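Novice: This note's numbering applies: residue 27 is where the sequence shown begins, and numbers increase by one.
Note that beta-carbon positions come from the ideal geometry of N, C-alpha and C, so glycine has one too.
Every value quoted in this text rests on a predicted model; they were computed, and no experiment measured them.
Please see the structure below; I have some questions.
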Amino acid sequence: MPPQKSERKKLSMKDVLLWAEGEPPKPGPRRIGIHTSTFGGVQSAAERAYRLGANTFQIFSSSPRQWQPYSLTEAQCSDMRRLREKYDLAPMAIHTSYLVNLASVTPQFHRKSVEAFRGELQRGLALGAEFLVLHPGSFRGRSREEGLELVAVSIAEAAQGLDLETSGLRVLIENTAGAEFSLGGSFEQVGQLLQRLKTVCPAGACIDTCHTHVSGCDIVSEAGYEETMQRLDEAIGLNSVFVWHCNDAKDPRGSKRDRHEHIGKGTIGLETFRRLLNDPRTKHAAFIAETPIDEAKDDLRNIEALKSLVVS
Ligand SMILES: [Zn+2]
Ligand SMILES: [Zn+2]
């Protein structure tokens, strides 16, 4: 059922472009931002990010749950570059559609995934994005090893003939919540895939705090945080973590349930984000929230929450 009139108004007021007025909040010393809507054209995401006081952001370049790429005109791509330059918005990450499964055992689905991923890479290049974030997929019907191998081969196929290196586009493998058959539910699996990608294309990791927590790692206690960071460093290398998805979690550690919560309002809590944002080993990274917008300005509040934790 379509939303009623009053509800429609409430929904639309979740868009910063409708409520923003005056000077946006100033960005801080770290790269902090949020996943931003492209409603009204892909370039409008840059305007939203700026209005929210972000200096980095993430977008979808296709419908996240349909096989439908967003149409991109040259004018939109140059607008995106111009706005990013004007507002000092960097890096920009694109999140791959959730449908893409490069480890699928169904040949048709696998083919569709490789083609869709190639489209994601092409749009990343056209838009001048620095990062393309990918969930490594589900290996159901194969061994985990075979799954990881197929993902690497599939990325190589999708990237064939595209010059990622010169354009500065890097594929980031994201750790997942650790559901059965999901690849990337541990740092070690992400590390193994990155090993395989070494000769394929520029690659690195995107680590999601919610996924890390619900997959079972302790990032909440002080000792646990330190141990988890050390494990991450051994498995992947902290220098290769270019993006941190900063999401609090609705569910407890080890639950394997992936439901994002507002920063500081979930089972992770503010202290972990404070440690992470002020950790000298993450200085080079971007911190991007993927938190829900339940009420108008939730996106603004989550960015502010992260910014307020940075000790400059
Ligand atoms: Zn994420
Ligand atoms: Zn998630």
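With distance defined between alpha-carbon atoms, name the residue in F83, V177, F165 nearest to V140.
Specialist: Residue numbering aside, residue 140 sits at position 114 when the sequence shown is read from its first letter. Among F83, V177, F165, the Cα nearest to that of V140 belongs to V177.
Novice: Give a yes or no on whether the C-beta atoms belonging to I342 and I60 are separated by under 8 Å.
Specialist: Given that the chain is displayed from residue 27 to residue 338, the structure contains no residue 342 and the question cannot be resolved.
Novice: Please work out which residues of its chain come closer than 7 Å, Cβ to Cβ, to N328, disregarding the five sequence neighbours upstream and downstream, and give them in chain order.
Specialist: Residue 328 sits at position 302 when you count from the first residue of the sequence shown. I60, H288, I289, A315, T317, listed in sequence order.
Novice: Report all residues for which the CB-ligand distance to some heavy atom of ligand 2 is below 6 Å; order them along the chain.
Specialist: Listed by chain position, these are D234, C236, H237, D284, H286.
Novice: Kindly examine ligand 1 and report whether one of its heavy atoms sits closer than 7 Å to the Cβ of E200.
Specialist: Translated into the one-based positions of the sequence shown, residue 200 becomes position 174. It does: the Cβ of E200 is within 7 Å (strictly closer) of some heavy atom of ligand 1.
Novice: On a CA-only basis, which of A152, A119, S334, K309 is nearest C232? Give me that one, please.
Specialist: Taking the sequence shown and counting its residues from 1, one reaches residue 232 at position 206. Here the closest residue by C-alpha is A119.
Novice: Which word fits R108, buried or exposed, when buried means at least 16 other C-beta atoms lie within 10 angstroms of its C-beta?
Specialist: On the sequence shown, residue 108 is found 82 positions in, with the first residue counted as 1. It is exposed - the Cβ of R108 has fewer than 16 other Cβ atoms within 10 Å.
Novice: Using the Cβ count rule (16 or more neighbours within 10 Å means buried), how would you classify Q218?
Specialist: Numbered from its first residue, the sequence shown carries residue 218 at position 192. Burial call: buried.
Novice: Tell me whether E49 counts as near ligand 1, meaning its Cβ is closer than 7 Å to at least one heavy atom of that ligand.
Specialist: Here residue 49 corresponds to residue number 23 of the sequence shown, with the count starting at 1. Not under cutoff, so the answer is no.
Novice: Let me know if N265 comes out buried or exposed under the rule of 16 or more other beta-carbons within 10 Å of its beta-carbon.
Specialist: Numbered from its first residue, the sequence shown carries residue 265 at position 239. So N265 ends up on the exposed side.
Novice: State whether the segment 239-249 contacts the segment 180-200, with contact taken as three or more CB pairs (one from each stretch) at a distance under 8 Å.
Specialist: Not touching, per the Cβ criterion.
Novice: Assess, as a yes-or-no matter, whether the segment 89-108 is touched by the segment 130-137 under the definition of 3 or more beta carbon pairs within less than 8 Å.
Specialist: Contact fails: fewer than three Cβ-Cβ distances are below 8 Å.
Novice: So, for P117: in the same chain, excluding its five sequence neighbours on each side, which residues have a beta-carbon less than 8 Å away from its beta-carbon?
Specialist: Translated into the one-based positions of the sequence shown, residue 117 becomes position 91. Here the set comprises R57, T82, A155, E156, F157, F268, V269, A312.
Novice: Could you tell me which residues DSSP pairs with G230 in its beta bridges?
Specialist: To locate residue 230, count along the sequence shown from 1; it is residue 204. Answer is L198.
Novice: Cβ atoms of L296 and L326: under 8 Å apart, would you say?
Specialist: Residue 326 sits at position 300 when you count from the first residue of the sequence shown. Residue 296 sits at position 270 when you count from the first residue of the sequence shown. No, Cβ-Cβ distance for L326 and L296 is not below 8 Å.
Novice: Buried or exposed for G163, going by 16 or more other Cβ atoms inside 10 Å?
Specialist: Sequence index remark: in the sequence shown, residue 163 carries index 137 (1-based). When all chains shown are included, G163 counts as buried.
Novice: By how many angstroms is the C-alpha of T308 removed from the C-alpha of R166?
Specialist: Walking along the sequence shown from the start, residue 166 turns up at place 140. Walking along the sequence shown from the start, residue 308 turns up at place 282. Looking at the two C-alpha atoms, the distance is approximately 34 Å.
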